[in-house]
Structures are given as structure tokens and as C-alpha cells.
Amino acid sequence: MFKFFDKFKKDKVEDLENEVKDEIKEVEKDEVIEKEDFFTKLKKGLSKTRQGVTDKIDSILKSYGKIDDDLFDELEEILITADVGVNTTMEIIDNIKERAKENKIKEANDIRILLKEEIEKTLKSVEESKLDRKLNVKTSPAIILVVGVNGAGKTTTIGKMAWNLKEEGKKVLIAAGDTFRAAAIEQLEEWANRANVDLIAHQEGSDPAAVIYDGIQAAKARESDVLICDTAGRLHNKKNLMNELNKIFRVVEREYPEASKEVLLVVDATTGQNAILQAKVFKEACDITGIVLTKLDGTAKGGVVIALQSELNVPVKLIGVGEGIDDLQPFDAEKFIEALIG
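Heads up: the sequence shown runs through residues 1 to 342, numbered per our numbering.
Have a look at this one:
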């Protein structure tokens, strides 16, 4: 009789172990699918840039048998056209020339790997300078201030970021600090509803700093994990921009000095070199901690990622590669290069 129960117990344990193993396999399978989807989405989003850069580079390398100055001139032109930036392009090409000479590389096709490595080195300079690409949301509530010109995709970015953070299990609150633009509050309300998070808003034309103040108090009272603050994007000159942003920063420092803070600049990848100019203006106006590059799927000039990284030394933290709510992705230099060049 006891042998029967021992066998029964043993069979049950084995069944349970098999069930657990099956569940682990399913979870691992889901993780693989998720990673593949993430990479596939990134690769698809960068298809226009890849056609404008990588395909042209491959074509040129095939047409040249040996390395010469004309080859480097053509590579230079492709990178500049893709908005990698003149200074960054010259640095990349000079480094490739030097390495090719040192390693006695003469075949044109061998240049491809050097180009990939030089771009990777430029993008990874952020990690080497100890600038973190991850969002700093350690304390609760952490505060994320989102800045940028109108049309760059600020509202959409805030909505998608709120959704991402909520998916991570965080309680998110949004403060509608862009009170100057018509319909800005309504658009943000729509995104808050989509992400299923609360919104703090005043009437159009209200003082943005007052909205941020109320947002901070509400985030504390509701025990939110993250407060995402929109800011005005249509200010007539740099002085107005600086005054408005400084007023908001003073409120944040006064009301919650110990908060983890991010100041994210949203720039539109399709604007190319204008994105660099915008970033420089905002960097002068405030302490930018990270860049969100939107609409990468809509441009053949995704080289602006490399230029932003090189010229500003501010980490690109998030990239937008589609219109879906889950198409705002953390920027990963290796995945970006792999999707772009392969």
C-alpha cells in the first residue's frame, strides 16, 4: 500500500516538474520571439536609411577593386548626405584611412568592416564617457521633463513613454505643461487615455510652471513612480525658451530636490542637420540628459544619430521607429549598427 502511495507521489512530482519545464520553455520561447520582434522592428524602421547608406556603400565597394582617394571621397559623400555631419564624417574617414594604411589593407571590400567599427566606436563613446543610456527613474516619483520644438513628436513620445513605463509595472502620471499650443492638452489627454495613466492639466494659456508644481504635488500624494512633464515647444526666441525652462527647473528643484531627474530632448530625425541645430540651442538653454530621436522610420538620413552622438556627447536614449504605441524603443548602439549595416 505504501509503495503505491510512494509511486503515486513520485509520479505527481515528475508531472509537476515536467509542467514547470514546459512553462520555462514557453517563457524562453516568448523571450526569443520578443527579441526577434524588437530587432525586426528596428531593422524595418531603418530600411530607408539602410537603402540610402549601406546599399550605396556596398555598391561603391563592389565597383572599386582597390582602395584609392576616389573611393574615400565617395564614402565621404554618402555619409554627409545621410546627415552624419561633416566633422563626424571627416573623423570617421580619416580613421579608416589610417587603419587601412597601418594594416596594409588594399582591397575595397575590406573597408566595410572598418567603417562599421568606426561608426560603432563613435556611438559607443557615450558608454566610455560614463553617460548612461538608461532612463534615471530610481526614486519615486522620478521626474522626466520633456523638451523640444513643436512637430518633433513630443506629445507622442510622452504617451508612448508612459505606456512603456506602465508596462514595466510603474505608476505613471503626466503633467500637461505645454499650455501655449492649441490642442496640446487634448492630444496629451488622448495619449494618457491610451496608456491608461492619469493626467494633470490646467486651462490653455495657464502658467506652465504652475502645472508642473501641481503635477509634483499630485505625484507625491498618489505615490506615483514617475511624473512625465510636457513643456512648451513654441517660444519665439532663445531668451524666452531659457526663461520658461529655467522657471520650471526652479519649481522642480524647490519642490522636490531629491528626485531622480531626466531632461529629454525630442528631435525629429527627418529634419536632419536642423535636428543638430535644435539640440545645440536646447543644450545651451538647459542641462539635457538624453535625446529621443523620433520618426527614424520616415527618413533616409538616420545618420543623424551618429552626428548627435558625436557633436553633443549627450546619449540618445530612445528612438521612434513606427507609429505604434510600442514603437518607442531604448537605443542600443550594437543593435542599431547591426540593423543598419549588418
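All C-beta atoms, glycine included, are put in the ideal place defined by N, C-alpha and C.
Note that the C-beta distance between valine 267 and alanine 279 is below 9 angstroms. Shown here, proline 208 sits in a helix according to DSSP, grouped into three states.
In chain order, Gly159, Trp163 and Ile325 place their CB closer than 8 angstroms to the CB of arginine 194, counting only its own chain and leaving out the 5 sequence neighbours on each side.
Here the segment 82–96 lies against the segment 106–123, with 3 or more beta-carbon pairs under 8 angstroms apart. Within the DSSP bridge table, the entry for glutamine 329 names Ile319 as partners. Bounds of the beta strand (DSSP E) holding isoleucine 143 are 142–147.
Bridge pairing for alanine 175: Ile200 and Cys229 [DSSP]. Here valine 137 is not near valine 197, since their CB atoms are 9 angstroms or more apart. Here arginine 50 is buried: its Cβ has 16 or more other Cβ atoms, across all protein chains shown, within 10 Å. Lysine 239 is not bridged by DSSP to any residue.
Leucine 199 sits buried, since 16 or more C-beta atoms from the chains shown fall within 10 Å of its C-beta. By the beta-carbon neighbour count (other beta carbons within 10 angstroms, threshold 16), alanine 221 is exposed. CA-CA distance, leucine 265 to aspartate 70, rounds to 38 angstroms. The beta carbon of glycine 177 sits closer than 6 angstroms to the beta carbons of Pro208, Val211, Ile212, Cys229, Asp230 and Thr231 from its chain, once the five residues preceding and following it are set aside; these are given in chain order. Between isoleucine 143 and lysine 261 a beta carbon distance of about 5 angstroms is seen, short of the 8 angstroms cut, so the two are scored as contacting. Secondary structure at valine 305: helix, using DSSP grouped into helix, strand and coil.
Separation of leucine 312 and glutamate 223 (C-alpha to C-alpha, rounded to the nearest whole angstrom) is 35 angstroms. Rounded to the nearest whole angstrom, the CA to CA distance from valine 281 to alanine 269 is 16 angstroms. Within the DSSP bridge table, the entry for threonine 294 names Asp268 as partners. A Cβ-Cβ contact shorter than 9 angstroms links isoleucine 276 with glycine 85.
Minimum Cα-Cα distance from leucine 328 among the listed residues Lys317, Asn103, Glu107 and Ile337 corresponds to Lys317. In the three-state reduction of the DSSP assignment, glutamate 107 falls in the strand class.
Ranked by Cα distance from isoleucine 80, the first of Leu61, Thr139 and Lys56 is Lys56.
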